[in-house]
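S.K.: In numbering that gives the first Met the number 0, the protein residues as written are 0 to 235.
The C-beta atom is built at its ideal place from N, Cα and C for all residues, glycine as well.
None of the values given here were measured: they were computed from a predicted structure.
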Amino acid sequence: MAALIEVKDLVKTYRSGDSELRALDGVSFAIERGEFVAIMGPSGSGKSTTMNMLGCLDSPTEGVYMLDGKDVSNLSGDELARIRNVTLGFVFQGFNLLPRLDALGNVALPLVYAGVEPKERAARAMRALGKVGLGSRVKHRPSQLSGGQQQRVAIARALVGDAPLILADEPTGNLDTKTSEEIMGLLAQINEEGKTVILVTHEPDIAGYASRVLRFKDGKLVEDKKQTPKRGERHV
Ligand SMILES: Nc1ncnc2c1ncn2[C@@H]1O[C@H](COP(=O)(O)OP(=O)(O)O)[C@@H](O)[C@H]1O
Ligand SMILES: [Mg+2]
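#1: Assuming residue 162 and residue 87 form a contact by the criterion Cβ under 8 Å, report the distance between their Cβ atoms to the nearest whole angstrom.
#2: Apply the 10 Å Cβ neighbour rule to residue 59 and answer buried if 16 or more other Cβ atoms are within range, or exposed otherwise.
#3: Can you tell me which of the three DSSP states residue 138 falls into?
#4: Which runs of the beta strand (DSSP E), 3 residues or longer, sit entirely within the stretch 103 to 182?
#5: Which residues does DSSP list as the beta-bridge partners of residue 15?
#6: Of all the alpha helix (DSSP H) runs that stay within the bounds of the stretch 26 to 91, which reach a length of 4 or more residues?
#7: Rounded C-beta distance between residue 155 and residue 130? I'm assuming under 8 Å.
#8: Name the one or two DSSP bridge partners that residue 214 has.
#9: What is the rounded straight-line gap between the Cα of residue 229 and the Cα of residue 207?
#10: So what does DSSP say about residue 96, is it helix, strand or coil?
#11: May I ask whether a heavy atom of ligand 1 can be found less than 8 Å away from the beta carbon of residue 47?
#12: Can you list, in chain order, the residues of its chain whose CB lies under 6 Å from that of residue 199, leaving out five sequence neighbours each side?
#13: Looking only at its own chain, which residues have a Cβ that is under 8 Å from the Cβ of residue 227, when we skip the five neighbours before and after it?
#14: Which residues mark the beginning and the end of the beta strand (DSSP E) in which residue 195 is found?
#15: Any idea what DSSP makes of residue 185, helix, strand or coil?
#16: Span of the alpha helix (DSSP H) holding residue 203?
#17: Under 9 Å between the Cβ atoms of residue 143 and residue 178?
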């Protein structure tokens with residue numbers, strides 16, 4: 000079977016006026032199913048640009064991106080949206096929950112777009128919230144939850160479609176150390192249960208949970224290292 004992710008000679012340029020910025024400058028790597036990968040590097044090195052490509056939020060200027068055996072380098076916005084819905088779940092630093100929806104409504108949202116029936120949506124969202132330890136908070140709105148709980152809701156939302164790939168851009172960036180460890184323990188558990196997890200962080204402690212580190216500098220991949228992952232405590 001092909002790797003879950005394969006990128007080859009990926010280039011992303013941003014144009015502003017006459018000048019051109021090469022945010023990604025010829026990046027190639029493959030990620031197998033079941034890996035837990037941390038993307039590291041200084042600010043401005045291309046980490047988020049890489050995640051946005053991997054997450055089909057944006058297309059590369061040059062190069063090839065094969066996701067789950069399919070070339071997704073040059074798809075239209077609609078096609079990318081469909082692939083996002085089926086193949087991956089995204090977790091953001093700022094949680095990105097809808098303030099007017101309760102936890103259940105936020106988690107069920109991707110299933111609305113996928114055309115799942117309301118009753119089935121609620122059942123699956125309940126199951127996902129139970130999985131992240133929030134079975135007793137389903138009627139709470141984001142403002143009634145702590146930062147860590149909000150990030151758990153976001154993780155449940157990423158899991159609810161049963162996509163094979165979870166992408167997280169600085170998921171602990173807004174959380175204190177103890178809560179960060181809980182969130183990383185949860186992501187490690189999700190990985191152990193079979194999901195491929197890719198995470199961006201600039202904190203070595205957080206990257207320690209991954210089994211592989213990709214390090215970026217100036218839009219280039221400068222290091223690709225396997226490591227023994229730190230195993231998180233189980234919190235749910
Ligand atoms: N939408 C954009 N338009 C113009 N430049 C951008 C845009 N997004 C990112 N960049 C630039 O691309 C480079 C890489 O950015 P980014 O991938 O966000 O870095 P990181 O996440 O590693 O901090 C930076 O120089 C940044 O300013
Ligand atoms: Mg970034």
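M.R.: Checking against the coordinates, here is how it stands:
#1: Counted from its first residue, the sequence shown places residue 162 at position 163. Counted from its first residue, the sequence shown places residue 87 at position 88. With 8 Å as the limit, residue 162 and residue 87 qualify as a contact, their Cβ atoms being about 5 Å apart.
#2: As a position in the sequence shown, residue 59 is number 60, starting the count at 1. The residue in question, residue 59, is buried, as its Cβ has 16 or more Cβ neighbours within 10 Å.
#3: If you number the sequence shown from 1, residue 138 lands on position 139. Here residue 138 sits in coil by DSSP.
#4: 164 to 168
#5: Taking the sequence shown and counting its residues from 1, one reaches residue 15 at position 16. Its beta-bridge partners are 18.
#6: 46 to 53 and 76 to 86
#7: Taking the sequence shown and counting its residues from 1, one reaches residue 155 at position 156. Taking the sequence shown and counting its residues from 1, one reaches residue 130 at position 131. With a Cβ gap of about 7 Å, residue 155 and residue 130 count as contacting.
#8: On the sequence shown, position 215 is the one that residue 214 refers to. Looking at the DSSP assignment, residue 214 forms a beta bridge with 39 and 222.
#9: For the purposes of this step, residue 229 is identified with residue 230 of the sequence shown, where counting begins at 1. For the purposes of this step, residue 207 is identified with residue 208 of the sequence shown, where counting begins at 1. Going by the C-alpha atoms only, they are around 6 Å apart.
#10: Start at 1 with the first residue of the sequence shown, and residue 96 comes out as number 97. Residue 96 falls in the coil class under three-state DSSP.
#11: Within the sequence shown, numbered from 1, the residue matching residue 47 stands at position 48. Under cutoff, so the answer is yes.
#12: Start at 1 with the first residue of the sequence shown, and residue 199 comes out as number 200. Contacts found: 38, 46, 50, 168 and 169.
#13: Counting from one through the sequence shown, the residue named residue 227 turns up at place 228. Around residue 227: 210.
#14: Mapped onto the sequence shown, residue 195 falls at position 196. Note, residue 195: beta strand (DSSP E), 195 to 199.
#15: One-based indexing of the sequence shown puts residue 185 at position 186. In this structure, residue 185 counts as helix in the three-state DSSP scheme.
#16: As a working note, residue 203 is residue 204 in the sequence shown. Per DSSP, residue 203 belongs to the alpha helix (DSSP H) from 203 to 206.
#17: As a working note, residue 143 is residue 144 in the sequence shown. As a working note, residue 178 is residue 179 in the sequence shown. No, Cβ-Cβ distance for residue 143 and residue 178 is not below 9 Å.
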